[in-house]
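In what follows, a single structure is set out as structure tokens and then discussed.
There are 2 protein chains.
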Amino acid sequence: MISKLIDVAMGRTLADIIIKDGTVFDVFNHTFIKADVVISNGKIVALGSGYSAKETIDATDKYVIPSFIDAHVHIESSLLTPSEYAKIVIPKGVTTVIADPHEITNVLGEKGISYMFDSAKGVPLDVEYMLPSCVPCTPFEHSGSVIDANLTRELLSKYNFLGLAEMMNFVGVINNDSDVIEKLSTGAFVDGHAPLLTANELCAYICGGIQTDHECSTSGEALEKISRGMNILVREGTGAKNIQQLIKAVTPYNLNRFAFCTDDKHIADIVADGTILHCIKKAISCGLSLEDALTMATINPAKIYNLKGKGAIAPNYVADLIVCDKSLDSLHLVLKDGAIVSKDGVPSFNGKSISIQEVSNTVRVKKVSPQDFQLEFTKGMPVIETMKDSLITRKVYPSSADGLSICAVVERHKATGNIGKAFIKNIDIKDGAIAQTIGHDSHNITVLGDNPIDMSIAVDSLGSNGGICIVHNGKVISYMELEVAGLMSNKPYLEVLAMDKDIVEKIKVISKDGSSSILMLLSFLSLVVIPEIKLNDRGLFDVIEWKYM
Amino acid sequence: MISKLIDVAMGRTLADIIIKDGTVFDVFNHTFIKADVVISNGKIVALGSGYSAKETIDATDKYVIPSFIDAHVHIESSLLTPSEYAKIVIPKGVTTVIADPHEITNVLGEKGISYMFDSAKGVPLDVEYMLPSCVPCTPFEHSGSVIDANLTRELLSKYNFLGLAEMMNFVGVINNDSDVIEKLSTGAFVDGHAPLLTANELCAYICGGIQTDHECSTSGEALEKISRGMNILVREGTGAKNIQQLIKAVTPYNLNRFAFCTDDKHIADIVADGTILHCIKKAISCGLSLEDALTMATINPAKIYNLKGKGAIAPNYVADLIVCDKSLDSLHLVLKDGAIVSKDGVPSFNGKSISIQEVSNTVRVKKVSPQDFQLEFTKGMPVIETMKDSLITRKVYPSSADGLSICAVVERHKATGNIGKAFIKNIDIKDGAIAQTIGHDSHNITVLGDNPIDMSIAVDSLGSNGGICIVHNGKVISYMELEVAGLMSNKPYLEVLAMDKDIVEKIKVISKDGSSSILMLLSFLSLVVIPEIKLNDRGLFDVIEWKYM
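Taken in sequence, the protein lines are chains B and C. Just so you know, we're using the working numbering here: the first sequence kicks off at 1 and counts up by one. Just so you know, we're using the working numbering here: the second sequence kicks off at 550 and counts up by one.
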């Protein structure tokens, strides 16, 4: 193999492909250069001129840039299987994702992990999985699965993981929880998850060996974490949008500590704007240079995660690259391992359909009735206030129930009958309810409505596979089945997109501000590691005080 | 261990040391910050305030900076054993070196490697060895040892090497020499050595998996190599001095591709100025910022060589650091693994004396006589011209022998009697000769003089251990024995320094421009991988044409 590459670079052997006359992004010198890119055996062998190849791609007036790397994503949040997910991100320039199968693992444990590895095979997207470090994400959860330190060690050696995924249990880290410390002692690379953590607590957390954070929301927070040695994954997903704030922290000198990620992004948003491509454009619109943005999308994540031979257009690098117009509006070609995998936005590969028997029919709920969702408002009771474009919630004490909706979380793994309830502010629902089997991170059923009858019908209608259900005046008006763990559809992405469109339209029937972001907000209402107040099947949880209220 | 660090960071357990009120270099944000540095169990656990410790170091008005890493060095060139070398570099702020035991390995093979590992044990200098990739350095050599691909594989698994050292045989790489390719196929990290290599040949060389280069002599050469994915080790040693030229290539964006190294530096120069400390000061005097220079001396080499936990002052990093005044003129304290190893320039540790039986008495020469060194000048014959501060030589054709000296290379490993001879320009010798058993890379005897009698006496006087010998008018006027492989003295560094001083003084007796740089120049006269014309025991070699003349 080495000999072959050298022969091609020396011009002794014909190359497979030449991308000719393009303007190539030199990630190392942070500039664009004129050069032909010579490819052989899936690798870039030379930048230069005067070469011959079996195939020539004309890149006159076009950019040739390394394809993108998403530094942290939960594929489940797209509602697609990994195989179908590849078909919507590759045409938008992504060829590698660092994926955390946290959601399906909370539902199904190792069965979910195994499915995710299998589904990603056979598509030209490099899915580098991190092993979820927090299943359940806190000791306060009723999830479908538990992965302790012993099982962590076993799974790390059994599967080809890149490391341990987001260590959300920062309280466990800084208080030396023995199971957490044992996980950190495996020597694996560990991703962080430490919103607002600062000063001595931040130092203690980093002493656990944690190397990244994707939860920064201010530039000051990012700068402190960088100073203490962390890499910052700048997130722009459907729910959480941090680019505008965080790029204020970027300097020419700390640029190499930043990478883009999406964390959680919905199918419709991906199809519309892409994932990392959207991060790049958003960052540029907020004032970052094109070169800086491309750096954060390519070589930086490759270096942070030690992905050898990725993220650059240089000899001996993998031929993962994009030929695009200079506005980045049209990605003409995407190449993976030297093969064209997308042309003018259309994927040129097929996924492989695999059995979902082991990962479907996962919903087990004790029969509900309207009275399960009754909740009386009393003055002085804590209420969850949601905030635009953020996963952070606030604890408020409104003086009346005006404009509040009811939300509830129904345990769905072991049919325990546990239901937590609370009022929620800033999501308006009228004459209806929405229920879904997506609810980070334990993925119990989250339901939102203005009356107990519709809420009960919505939960009931999710069936044994689960999904998303909208009820209006006693009738189901839209339903998307999510056969895989109650989290992902097993259908082709175009069908899922159509179902999703219907869901979003029908949300408007019961909510005047209705949009897909309501679904994303619902998904995170029960995530007790994000401040300030959350709800799960055991009731309201005060994240700051780290206890149930 | 992790638990202990976290306890200290949280303030629950007393720290070992606090470095208080210093100005700390934040390598990640490229700035200085005010913070106490908290150390426990040899690691930095926190930057902050309000901590307590068993020992407090006052750093008011002082810098606290990560200690330095020399990215590429041949310890042998200092004339000291690794154990003694540690005593002169640690007080100058170096606590880690990436060392290539190329010289001793060319003389002694595995015996030399084993000795170098042993000698470095027991001193607080982290010596990370690279396995020499080119022993002999070209097929044209008569060295004392041969390491082929099979032995390379064996040694890589037997010893704890960081990778393969400088791949000097670029001709072998780009022409797919099978033994070279097999070495490159081991998957090890490979250092490069590719002076003036450019364009397609450079790309082919990099396809061999070669990741660094320390032979750049112009900024343009550095920029091209960076563009093609290489890391540039900016060298400032006794013979080769590249900082002034190469820092012109440094930008805020490619800064992370540069590190400092010394390659070959003589004991006297190290004691006077240090190694990497000198690089930093020289670079600053040439216009680089202090922050850039410190970055190239610390975090950059750590990242290039994947030295985990090194190169920064941040939680979970190894407590290798320097407390110094803000001029960098006085390194008050050097800490290694959290322990003070040097105070105000004096090492606070002892080396360990080990047996040199396996590595001494290495010189085997066929008896020489004056007529072996007779050489007649004829017009049109090629002559070696040396250049100031460079290892590069030029092929010239002077019209007379005026100002020329005679040089010769005498095979010394197998007593074959091979002697190569040539005239040399720009080194003046009068009524005397210098001979030494140091001659890169095969380390045959190099001798320089203006008359055959003194040359013969000088070679003869080197003895079975070898060393450096100066003869004037038929008498030995100075001699330094180099018991270890004919390359290094086994004596304490102060004694070696005194002997070296005597040698340098006596050089002036036979050469009006005499200085230690004559010794370094002599050492490289036979290194046939550096352009343009070299001499070894088989005669004059044209490096450009890659053949004997």
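Every residue gets a Cβ at the ideal spot worked out from N, C-alpha and C, and that includes glycine. No experiment lies behind these values; they were computed from the predicted model shown.
Hey, would you say residue i sits closer than 9 Å to residue j, going by beta carbons?
i: Leu331 (chain B); j: Ile340 (chain B); result: no
i: Val622 (chain C); j: Ala584 (chain C); result: no
i: Ile983 (chain C); j: Val1020 (chain C); result: yes
i: Gln245 (chain B); j: Ser219 (chain B); result: yes
i: Asp559 (chain B); j: Lys54 (chain B); result: There is simply no residue 559 (chain B) to check, as chain B begins at 1 and stops at 549 in what is shown.
i: Ser668 (chain C); j: Asn718 (chain C); result: no
i: Leu164 (chain B); j: Thr152 (chain B); result: yes
i: Lys265 (chain B); j: Thr275 (chain B); result: yes
i: His278 (chain B); j: Glu236 (chain B); result: yes
i: Leu596 (chain C); j: Arg228 (chain B); result: yes
i: Val656 (chain C); j: Thr687 (chain C); result: no
i: Phe260 (chain B); j: Ala293 (chain B); result: yes
i: Ile19 (chain B); j: Ala753 (chain C); result: no
i: Ile313 (chain B); j: Ile44 (chain B); result: yes
i: Ser1075 (chain C); j: Gly1015 (chain C); result: no
i: Ile210 (chain B); j: Leu184 (chain B); result: yes
i: Leu328 (chain B); j: Gln436 (chain B); result: no
i: Thr965 (chain C); j: Lys915 (chain C); result: yes
i: Ala798 (chain C); j: Phe807 (chain C); result: yes
i: Lys336 (chain B); j: Ile384 (chain B); result: no
Could you spell out the range, first to last residue, of the alpha helix (DSSP H) harbouring residue i?
i: Met1004 (chain C); result: 1001-1009
i: Glu652 (chain C); result: 651-657
i: Ala635 (chain C); result: 631-638
i: Phe170 (chain B); result: 170-174
i: Tyr493 (chain B); result: 493-510
i: Lys707 (chain C); result: 698-707
i: Cys752 (chain C); result: 748-756
i: Cys828 (chain C); result: 825-834
i: Val729 (chain C); result: 727-733
i: Ile243 (chain B); result: 243-246
For residue i, report the span of its beta strand (DSSP E) as first-last.
i: Asp570 (chain C); result: 564-575
i: Val958 (chain C); result: 954-959
i: Ser40 (chain B); result: 36-40
i: Lys534 (chain B); result: 533-536
Using a cut-off of 8 Å between C-beta atoms, extract the partners of residue i located in chain D.
i: Val722 (chain C); result: Any reference to chain D falls outside this structure, whose protein chains are B and C.
Less than 8 Å between the CB atoms is what I'm expecting for residue i and residue j, so what's the real figure, rounded?
i: Asn256 (chain B); j: Asn300 (chain B); result: 6 Å
i: Met1 (chain B); j: Asn41 (chain B); result: 6 Å
i: Ser626 (chain C); j: His962 (chain C); result: Contact flag wrong, Cβ pair sits at about 19 Å.
i: Gly109 (chain B); j: Ser52 (chain B); result: In fact, because the Cβ distance is near 53 Å, the residues do not count as touching under 8 Å.
i: Val557 (chain C); j: Val586 (chain C); result: With a Cβ gap of about 12 Å, Val557 (chain C) and Val586 (chain C) do not count as contacting.
i: Ala743 (chain C); j: Asp728 (chain C); result: The pair is not a contact, with the Cβ atoms about 18 Å apart (cut-off 8 Å).
i: Asp372 (chain B); j: Gly403 (chain B); result: The Cβ separation is near 23 Å, so there is no contact.
i: Pro252 (chain B); j: Tyr802 (chain C); result: 6 Å
Quickly, what does DSSP pair residue i with across the bridge? List them, please.
i: Leu131 (chain B); result: B:Leu164
i: Val94 (chain B); result: B:Phe68
i: Thr295 (chain B); result: In DSSP, Thr295 (chain B) forms no bridge with anything.
i: Gln985 (chain C); result: C:Thr995, C:Ile1017
i: Pro347 (chain B); result: B:Ser342
i: Leu882 (chain C); result: C:Val872, C:Lys892
* How about the segment 967-985 of chain C and the segment 627-643 of chain C: do they share at least three Cβ pairs that are nearer than 8 Å? -> no
* Between the segment 728-737 of chain C and the segment 701-717 of chain C, are three or more C-beta pairs nearer than 8 Å? -> yes
* Can we say the segment 713-732 of chain C touches the segment 997-1007 of chain C, given the rule of at least three CB pairs closer than 8 Å? -> no
* If you pair each beta-carbon of the segment 575-584 of chain C with each one of the segment 537-545 of chain B, do three or more pairs fall below 8 Å? -> no
* Do the segment 494-502 of chain B and the segment 451-462 of chain B make contact, defined as three or more Cβ pairs closer than 8 Å? -> no
* Asked: Counting pairs of Cβ atoms below 8 Å between the segment 529-538 of chain B and the segment 497-515 of chain B, do you hit three or more?
  -> no
* Tell me, please, whether the segment 344-364 of chain B touches the segment 111-128 of chain B by the rule of three or more beta-carbon pairs shorter than 8 Å. => yes
* Asked: So does the segment 387-400 of chain B actually touch the segment 343-356 of chain B, counting three or more Cβ pairs closer than 8 Å?
  -> no
* Counting pairs of Cβ atoms below 8 Å between the segment 63-70 of chain B and the segment 477-494 of chain B, do you hit three or more? -> no
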